[in-house]
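Below is one structure, written out as structure tokens; comments come after it.
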Amino acid sequence: MRKFRHFKGGEYEFVGIARHSETEEEYVVYRPLYNDGGLWIRPKKMFFENVTVNGESVPRFREIEENGGAGNE
1 MRKFRHFKGG EYEFVGIARH SETEEEYVVY RPLYNDGGLW IRPKKMFFEN VTVNGESVPR
61 FREIEENGGA GNE
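Below, the structure is given as structure tokens:
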């Protein structure tokens, strides 16, 4: 299972990539690991983009390894 941590702290399971039936835009399908929040989607480009936090550019979602280390996109 691929896991990601949101820049605000929540952890999420990466379910996969889905494609919009009309536009063919790619979306990331993911689910929160901290409650039964169902499935969520976000445009792939937005999921992997950087955001500015306290003047610093950080990944919106950062992949994490099972042992707690950082992984790659």
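Throughout the sequence shown, residue numbering follows our numbering, covering 1 to 73 in sequence.
Beta carbons are placed, not taken as given, at the ideal position from N, Cα and C, and that holds for glycine.
Since the model is a prediction, treat every value here as computed from it, not as a measurement.
Quick one, which of THR23, SER21, ILE41 has its alpha-carbon nearest TYR12's?
Residue mapping note: residue 12 aligns to position 12 of the sequence shown, counting from 1. Among THR23, SER21, ILE41, the Cα nearest to that of TYR12 belongs to ILE41.
Rounded separation between HIS20 and MET1 - CA only
Taking the sequence shown and counting its residues from 1, the one referred to as residue 20 is at position 20. Taking the sequence shown and counting its residues from 1, the one referred to as residue 1 is at position 1. If you take the alpha carbons of HIS20 and MET1, they lie about 23 Å apart.
With 16 as the cutoff for other CB atoms within 10 Å, does TYR30 come out buried or exposed?
Residue 30 sits at position 30 when you count from the first residue of the sequence shown. Under this definition TYR30 is a buried residue.
So for ASN8, helix, strand or coil by DSSP?
For the purposes of this step, residue 8 is identified with residue 8 of the sequence shown, where counting begins at 1. The sequence shown places Lys at residue 8, not Asn. Here LYS8 sits in coil by DSSP.
Using the C-alpha atoms, what's the distance from VAL53 back to ASN32?
Mapped onto the sequence shown, residue 32 falls at position 32. Mapped onto the sequence shown, residue 53 falls at position 53. The question names Asn, yet the displayed sequence has Pro at residue 32. Distance between the alpha carbons of PRO32 and VAL53 is about 21 Å.
Excluding the five sequence neighbours on either side, which residues of its own chain have a C-beta within less than 7 Å of the C-beta of GLU26, listed in chain order?
One-based indexing of the sequence shown puts residue 26 at position 26. Cβ neighbours of GLU26 beyond the five flanking positions: ILE17, ARG19, LYS44.
Cutting at 7 Å between CB atoms, please list the residues of its own chain near GLY10, excluding the five before and the five after it.
Your numbering for residue 10 matches position 10 in the sequence shown. Excluding residues within five positions, the ones whose Cβ falls inside 7 Å are PRO32, TYR34.
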